[in-house]
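Here the sequence shown stands for residues 9 to 173, numbered as in this note's numbering.
Yeah, the Cβ is synthetic: ideal placement off N, Cα and C, and Gly gets one too.
As the structure is a prediction and not an experimental result, all values here were calculated from the model.
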Amino acid sequence: MYGTGLKPKCMKLLLFDELEMETDENICRRLYLCLCETIGSEEVVKARRQFYATVDYFTEKKHFSIVTSGSKAEGLQQMKSDIDVMVLFRLVNVSENRTDDSFLIPNNFVMDTDDCKPGFTQLKGNSCHYDALVNWLSTPYGQELRFESGRIRHWIVSIFGLLGL
């Protein structure tokens with residue numbers, strides 16, 4: 009049960025003592041109160057989620073949008089909570105699978121999860137035409153292009169540096 013993020017006091021509430029069995033309702037109530045103490049009430053979690061959804065909404069632009077995810081964006085605020093930020097370029101098309109005609113779609117990249125950890129993917133170029141910006145942002149890999157998060161991150165940090173932000 010360790011590694012769940014629950015406080016030791018909460019863990020004691022979840023253990024059953026043979027001499028003292030509680031009703032399901034009482035156990036559920038105690039677990040709910042314990043979770044509220046650990047991660048916040050239902051209203052607090054909803055407010056956190058709404059905050060990140062609002063950030064996503066107001067950062068949407070003509071050529072790109074930003075999508076936040078991760079435990080913080082899901083309303084959890086614990087010591088190891090994180091936030092992931094994805095930038096979706098409208099110029100780029102991402103397909104889940106390679107098809108016979110996907111090569112004809114400009115700036116098309118295909119998701120490849122074969123050599124990735126769970127929850128990760130590689131974006132591999134699969135197009136007969138790439139715009140100059142897409143060519144510049146992507147990394148040549150053999151005879152194909154790939155989007156690599158490190159290169160994109162470096163590009164974004166460089167832009168912010170030039171702008172003095």
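Asked	Found
Roughly how many angstroms lie between the CA atoms of Leu131 and Phe155, to the nearest whole one?	6 angstroms
Along the chain, which unbroken stretches of the beta strand (DSSP E) at least 3 residues long are found entirely within the stretch 68-145?	72-77, 92-97, 101-103, 116-120, 130-133
Check whether the stretch 93-111 touches the stretch 72-82, counting contact only when three or more Cβ pairs, one atom from each stretch, lie closer than 8 angstroms.	yes
Measuring CA to CA, which of Pro114, Leu84, Asp120 is closest to Asn105?	Asp120
For Thr129, collect the residues of the same chain with a Cβ closer than 6 angstroms to its Cβ; drop the 5 residues on either side in sequence, then sort them by chain order.	Met119, Thr121
Against chain B, does Ser110 count as a neighbour if the rule is that its beta carbon must be under 9 angstroms from one of theirs?	Here there is only one protein chain, and chain B is not present.
Helix, strand or coil for Glu45? Go by DSSP, reduced to three states.	helix
Please classify Leu34 as buried or exposed, where buried requires at least 16 other C-beta atoms within 10 Å of its C-beta.	The sequence shown places Asn at residue 34, not Leu. Exposed, by the Cβ-count rule.
Less than 9 angstroms between the beta carbons of Ile186 and Gln85, yes or no?	Residue 186 is absent from the structure shown; the chain starts at 9 and stops at 173.
Could you tell me which of Ser103, Val165, Arg98, Cys124 sits nearest to Asp139, measuring between CA atoms?	Arg98
If you draw a straight line from the C-alpha of Glu152 to the C-alpha of Tyr65, how long is it?	33 angstroms
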